[in-house]
Amino acid sequence: VTTESGLQYEVLKAGDGPRPTNGQQVRLHYKGTLIDGKEFDSSYGRGEPAVFQVGGLITGFNQALELMPVGSHWRVVIPGDLAYGPGGAGGDIGPNATLIFEIELLEIVE
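Below, the structure written as structure tokens:
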């Protein structure tokens, strides 16, 4: 599926819980890779889920979370303009890099 903004996602497992909204904390597992498959970040590698605030991440990740019901597992392709843009981020993520995330939305943290 491609959204109006250009975000693309594939539902690997459909969840049936509520969708988080901007400002809520969520607990999730994720793996981030570049278009060439090089992994740049993963909560799986750390052995525990991450907790993030919806709205506090790169634009494409925020957009994906607001579309995902709790219990979902998605593969999300975030174009550079919805990721880190022309500045990139650190050594691995270059300017306008497209990022691919697998996101497993575990729960909304009250």
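With my numbering applied, the sequence shown corresponds to residues 95 to 204, in that order.
Built from N, CA and C at the ideal position, the CB exists for glycine as well.
Judged by beta-carbon spacing, residue 100 lies beyond the 8 Å limit of residue 161, meaning their Cβ atoms are not closer than that value.
Considering only 184, 136, 117 and 140, the residue with the shortest C-alpha distance to residue 126 is 136.
Fewer than three Cβ pairs drawn from the stretch 178 to 190 and the stretch 100 to 120 lie within less than 8 Å of each other, which leaves the two stretches out of contact. Residue pairing by DSSP places residue 106 in no beta bridge whatsoever.
Taking residue 200 as reference, the option from 190, 187 and 168 with the minimal CA-CA separation is 168. Residue ranges of uninterrupted alpha helix (DSSP H) with 4 or more members, entirely inside the stretch 149 to 183 and ordered along the chain, are 153 to 161.
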